[in-house]
Every structure is written in C-alpha cells, then in structure tokens.
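Visitor: Under the working numbering, the first residue of the sequence shown carries the number 3, and numbering increases by one thereafter.
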Amino acid sequence: GVFREFSISEFCMQMAIDTPANYPWAWKCTYYYNWFFGVHAFCAESICLNEIQKNGIGYDMNFGNGPLGKAVSESSIAAVRTACPTGSKNLRNLGFTKSGSKYLHNLDGAGLKQGWVSTVSGACGASIPMKRWKSRFTDDMMYARDLDWNTWYRGMEQDGGAVQFYLWP
Numbered sequence: 003g004v005f006r007e008f009s010i011s012e013f014c015m016q017m018a019i020d021t022p023a024n025y026p027w028a029w030k031c032t033y034y035y036n037w038f039f040g041v042h043a044f045c046a047e048s049i050c051l052n053e054i055q056k057n058g059i060g061y062d063m064n065f066g067n068g069p070l071g072k073a074v075s076e077s078s079i080a081a082v083r084t085a086c087p088t089g090s091k092n093l094r095n096l097g098f099t100k101s102g103s104k105y106l107h108n109l110d111g112a113g114l115k116q117g118w119v120s121t122v123s124g125a126c127g128a129s130i131p132m133k134r135w136k137s138r139f140t141d142d143m144m145y146a147r148d149l150d151w152n153t154w155y156r157g158m159e160q161d162g163g164a165v166q167f168y169l170w171p
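#1: Work out the CA separation of G71 and I130 for me, nearest whole Å.
#2: Checking 9 Å against the spacing of the C-beta atoms, do A23 and C86 come in under that value?
#3: With DSSP as the reference, please indicate the residues paired to D148 in a beta bridge.
#4: What ranges does the alpha helix (DSSP H) occupy inside the stretch 76 to 153, keeping only unbroken runs of at least 4 residues that lie completely in it?
#5: Is it the case that the stretch 43 to 60 contacts the stretch 99 to 109, given that we only count it when at least three CB pairs across the two stretches are under 8 Å?
#6: Put M17 into one of helix, strand or coil per three-state DSSP.
#7: Consider the C-beta atom of G113 and the heavy atoms of the ligand NAP; say whether any pair is separated by less than 8 Å.
#8: Hey, could you find the ends of the alpha helix (DSSP H) N52 is sitting in?
#9: Just to check my reading of the structure: C50 and L93 have Cβ atoms closer than 8 Å, yes? What is that Cβ distance to the nearest angstrom?
Written out as structure tokens, the structure is:
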C-alpha cells in the first residue's frame, strides 16, 4: 500500500478532533460599572465601548471594570469552526440589549455583540460558567461564575442558578 503523511491539522480534521479556541481567536469580555446607578454594561471591543458611553448612564473606564473571560471574536468564528468542528455546534453569538438601565444577554447576537460563546462546558475549550445575578438594590443584572461574596447580589441568582453560557479563560 501507499502511505501518505498527514499534517496535524489534516489529522485532526480526519479524526474530528476539536482544537480549543484560544489566542488569537479569542477577545476579552469586560464588565463596566456605574458607581452612582449601580449598574453594569458589557463590552468586548471599542465599537461597543462607544455605544455604552452614549447611552446616558456613563461607566467607569478606569476603576469600575474587570474581565469576565474571553469569547471567540467575530472575525475568527470561521477558523474556530474549522479547528473545532464538533464543539463549535454549541457556539452562539452573545449580545446584550438594554432594558431599563440594565443589559440583558441573548444568544443571537442582538444589540452589543460580544463574540461567540459556548452553551456547553468544554466545547472548544470554553470552561468559565456565566450565571445571571440580579442586584438586590438597583435595576441591574450582572453575569459571573459566583457573586455570593457580594452583598448586592448574594442569594439573587436568576434562572434557578442555571449557567447561561461559557467563556474561555
């Protein structure tokens, strides 16, 4: 018989082995906070930042922000689908739409686009569970792995504590 050498990517494609999404495919999802109104907004890129700053609430860009995790960037989804053919079937386009003074997530990319996230733990390497938490004192929803340490959100998990989506570390 005749043997042919396969590259690693060809072998992975032949065997349907998923390669985890990682840099440079992923971009950082960040929360931004307004200290006066006690509400959050969420952005993964500069166009989004411009939008949340125009919404009339105003967010602290210096001390009121932090990382949530990473999502697959819009420009990289095709490459991720090729490298991770099985797990990418569980990827959805995360967006946030404003409702009152809070932002609510959706998985069809409406509103402020954040990139692609997983609905299944481990799909293409996504492993950070994001749950939805309601503020006890303001009209806010925050997304995090755990907020029971925070008095404003302690005991206020929404949706029975169900994970809404998964991000990458």
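Ideal Cβ positions, reconstructed from N, Cα and C, are used throughout, including at glycine.
No experiment lies behind these values; they were computed from the predicted model shown.
Guide: On the basis of the coordinates in this document:
#1: Between the alpha carbons of I130 and G71 lies a gap of roughly 7 Å.
#2: Contact: yes.
#3: Per DSSP, none; premise fails for D148.
#4: Within the stretch 76 to 153, the complete alpha helix (DSSP H) segments at least 4 residues long are 79 to 85, listed from N- to C-terminus.
#5: As far as the Cβ criterion goes, the stretch 99 to 109 touches the stretch 43 to 60, which means the pair count is three or higher.
#6: Annotation note: pLDDT 42 at M17 (below 50); position unreliable, coordinate value reported separately. Look at M17 here: in three-state DSSP terms it is helix.
#7: Of ligands this structure carries none, so the ligand NAP is not represented either.
#8: Where N52 is concerned, the enclosing alpha helix (DSSP H) stretches over 48 to 55.
#9: C50 to L93, Cβ: 19 Å. No contact.
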